[in-house]
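In order, the protein sequences belong to chains Z and H.
Heads up, the first sequence is in this note's numbering, so the first residue is 22 and it goes up one at a time.
Heads up, the second sequence is in this note's numbering, so the first residue is 22 and it goes up one at a time.
This report refers to the structure that appears directly beneath it.
There are 2 protein chains.
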Amino acid sequence: NNRVVSGVAHDLNVAKVALFDVPDRPGIARAVFKALADANINVDMIVQAAMRDGRNDIAFTIAKDDLSRALPVVERVCREIGASGTAYGEDLAKVSIVGSGMMSNPGVAAAMFAALADEGINIQMISTSEIKVSCIIAADEIERAVNALHAAFNL
Amino acid sequence: NNRVVSGVAHDLNVAKVALFDVPDRPGIARAVFKALADANINVDMIVQAAMRDGRNDIAFTIAKDDLSRALPVVERVCREIGASGTAYGEDLAKVSIVGSGMMSNPGVAAAMFAALADEGINIQMISTSEIKVSCIIAADEIERAVNALHAAFNL
Ligand SMILES: C[C@@H](O)[C@H](N)C(=O)O
Ligand SMILES: C[C@@H](O)[C@H](N)C(=O)O
Chain Z
22 NNRVVSGVAH
32 DLNVAKVALF
42 DVPDRPGIAR
52 AVFKALADAN
62 INVDMIVQAA
72 MRDGRNDIAF
82 TIAKDDLSRA
92 LPVVERVCRE
102 IGASGTAYGE
112 DLAKVSIVGS
122 GMMSNPGVAA
132 AMFAALADEG
142 INIQMISTSE
152 IKVSCIIAAD
162 EIERAVNALH
172 AAFNL
Chain H
22 NNRVVSGVAH
32 DLNVAKVALF
42 DVPDRPGIAR
52 AVFKALADAN
62 INVDMIVQAA
72 MRDGRNDIAF
82 TIAKDDLSRA
92 LPVVERVCRE
102 IGASGTAYGE
112 DLAKVSIVGS
122 GMMSNPGVAA
132 AMFAALADEG
142 INIQMISTSE
152 IKVSCIIAAD
162 EIERAVNALH
172 AAFNL
């Protein structure tokens, strides 16, 4: 088990932003993230899940201090592309499990989600790569989250 | 520029599945992915973007051949947790840019999205890590996507 997940990482310098009901057509993701790049805002996680009725939601995370600069940019893009609205969240943290053995182990992400659920911790955003599963949770839950994940994966 | 993005990867063995309007409370992500793990279905990308009205959408990708086994599992979980419905997609591909220099370069994801947009390629799902930005697109667009990304990043 130690070989599958080799560590738990966390980041408290996290804010999230979302755009709702963006048109699901080429050029929309570029419009959003080019505007942020032009404003020199560093984006960490980007997540876009599933289209419904020709629309999709896009959420991303940035450093806490960049929120006040990012929001006007996002609101302008929201109007330009005809999205239905925006939302943001502060007082957040990112918690991740990291490991090279995760790819062919179906239960690993499920075990992370179970460990957080057993602590009553709500998972606000999820993003993955082959070697990492990252969840956004409330900042005041990070200690319990990290401890629960260390216990779940014998770390 | 070569040092920021070091490569383009792609995967044609991809199907996507989504659950809509899952209750946004602890234990829901576990319910979905434990059911898939118990059915021995390997999950690649998992994305969950933004909550609205106490609900969220969860999308994930699996190997094409696992779709027929995954759908009954997902439909059952959908009913159990009170989600509004499910959807799936076939004939898909995952295309990714990979690089260790991406983290502090705001424009890199934007440049990937721009290269795909310039080809008229629609981005269906997005997931990121510090060293990778992955997009799900139609399978028949993968060649143009990979070529466009090689050109955009001088690879
Ligand atoms: C929603 C957004 O990702 C859109 N599909 C695009 O390609 O830009
Ligand atoms: C939507 C789902 O991720 C839920 N918030 C959970 O914690 O399981």
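Where is the CB? At the ideal position from N, CA and C, for every residue including glycine.
Residues sharing a beta bridge with Val146/Z, DSSP: The sequence shown places Met at residue 146/Z, not Val. Answer by DSSP bridge pairing, in chain order: Ile157/Z.
I'd like to know if Gly141/Z contacts chain H, where contact means its C-beta is closer than 8 Å to some C-beta of that chain. Closer than 8 Å: yes.
Secondary structure of Asn23/Z, DSSP reduced to three states: Caution applies to Asn23/Z, whose pLDDT of 47 falls short of 50 and renders its modelled position unreliable; the value that the coordinates give is listed next. In this structure, DSSP gives Asn23/Z a state outside helix and strand, which the three-state scheme calls coil.
Of the choices Ile79/H, Ile118/H, Asn126/H and Ala135/H, whose alpha-carbon is the least far from that of Tyr109/H? Of all alpha-carbon atoms in Ile79/H, Ile118/H, Asn126/H and Ala135/H, the one lying nearest the alpha-carbon of Tyr109/H is that of Ile79/H.
Alpha carbon to alpha carbon, how far is Asn126/Z from Asn61/H? Using only the alpha carbons, I get a separation of about 9 Å.
With the cut-off set at 8 Å, would you say Val29/Z and Leu170/Z are in Cβ contact? Result yes, Cβ atoms of Val29/Z and Leu170/Z sit closer than 8 Å.
Establish whether the CB of Ala173/H and some CB of chain Z are separated by less than 8 Å. For Ala173/H, no Cβ of chain Z is located within less than 8 Å of the residue's own Cβ.
What residue range is occupied by the uninterrupted alpha helix (DSSP H) comprising Lys85/Z? Bounds of any alpha helix (DSSP H) do not take in Lys85/Z, whose DSSP letter is neither H nor E.
Near Arg76/H, which residues of its chain fall below 7 Å by C-beta distance, leaving aside the five closest residues on each side in sequence? Its chain contains Asp42, Val43, Pro44 and Asp45 as the residues whose beta carbon lies nearer than 7 Å to that of Arg76/H, once the 5 sequence neighbours on both sides are disregarded; these appear in chain order.
For Leu57/H and chain Z, any beta-carbon pair shorter than 8 Å? With 8 Å as the cut-off, Leu57/H counts as an interface residue toward chain Z.
So is the beta-carbon of Val68/Z under 7 Å away from any non-hydrogen atom of ligand 1? Not so, every heavy atom of ligand 1 lies at least 7 Å from the Cβ.
Exposed or buried, which one is Leu33/H when buried takes at least 16 other CB atoms within 10 Å? Under this definition Leu33/H is an exposed residue.
Evaluate Asp112/H with the Cβ neighbour count: other Cβ atoms within 10 Å of its Cβ, from every protein chain shown; 16 or more gives buried, anything less gives exposed. Counting Cβ neighbours within 10 Å, Asp112/H comes out exposed, since fewer than 16 surround it.
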